[in-house]
Amino acid sequence: MARRIFDELVKIDGVIGGLLVSKDGLVVQSLMIEEEDADVLGAMAANTFDNIARTTERLGIGRLNDSIIGAKEGTLLVREAGELVLVVICQQPVNIGEVRLAMSRAARNADREFGL
């Protein structure tokens with residue numbers, strides 16, 4: 612099951628991990644991340660998504676679809692997947708456009724498969 616959601620993403624150069632979490636931070640699936648780390652990262656990613664979503668609403672620019680967080684050595688991308696949040700961790704170099712496109716498809720698949 613996990614493979615199906617992350618299938619396309621793992622083929623992209625630079626993608627080093629992924630999580631599918633509920634909006635309250637519970638890990639539904641993880642890819643290439645230790646279980647212990649996945650639980651902590653899942654909670655943190657859901658909290659980050661929630662904070663950014665509240666910010667976009669407060670700014671009047673609408674509901675958050677996705678967010679890209681750039682760091683010195685990599686990129687964290689988060690995207691809403693129905694009632695879930697899809698998280699992808701990348702190292703440089705990575706084609707962000709390709710990752711975003713694959714995340715869009717993965718989010719649709721996750722929503723269909725786990726639609727809560």
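727 is the number that my numbering gives the last residue of the sequence shown; the numbers go up by one with no jumps.
Using N, Cα and C, we set each Cβ at its ideal position, and we do this for glycine too.
This structure is a prediction, so every number in the text was calculated from the model and none was measured.
Could you give the uninterrupted runs of the alpha helix (DSSP H) lying entirely in the segment 616-677, keeping only those of 4 residues or more?
Fully enclosed alpha helix (DSSP H) runs of 4 or longer: 646-669.
Give the range of the alpha helix (DSSP H) segment to which GLY693 is assigned.
Taken as a continuous stretch (DSSP letters only), GLY693 belongs to no alpha helix (DSSP H), as it is neither H nor E.
Per DSSP, GLN702 is paired with what?
Note: GLN702 sits in a beta bridge opposite GLY685.
Looking only at DSSP bridge pairs, what is LEU697 linked to?
Looking at the DSSP assignment, LEU697 forms a beta bridge with LEU631 and ARG690.
Please report the residue range of the alpha helix (DSSP H) in which GLY708 lies.
Looking at the DSSP string, the run of the alpha helix (DSSP H) that includes GLY708 is 707-725.
What does a CB cutoff of less than 6 angstroms around ALA657 pick up in its chain, not counting 5 residues either side in sequence?
VAL632, LYS634, GLY636 and VAL696.
Measure the C-alpha to C-alpha separation of GLU694 and GLU619 and round it to an integer number of angstroms.
Near 21 angstroms, if we compare the C-alpha coordinates of GLU619 and GLU694.
Would you kindly check if the distance between the Cβ of VAL710 and the Cβ of ILE623 is under 9 angstroms?
A contact, by the Cβ cut-off of 9 angstroms.
If you compare alpha carbons, which of ASP677, VAL638, ALA649 and ASP650 is closest to GLU662?
Here residue 662 is Asn; the residue named in the question, Glu, does not match the sequence. It is ASP677.
Thinking just about the alpha-carbon of each residue, which of VAL651, GLY625 and PHE725 is nearest to the one in GLY685?
Comparing Cα positions, the closest option is GLY625.
Whose CA, out of ALA682, GLY671, GLU647 and LEU675, lies closest to the CA of VAL705?
Answer by Cα proximity: ALA682.
Between PHE617 and ALA664, what straight-line distance do the alpha-carbon atoms span, to the nearest angstrom?
Spanning the two alpha carbons is a distance of roughly 24 angstroms.
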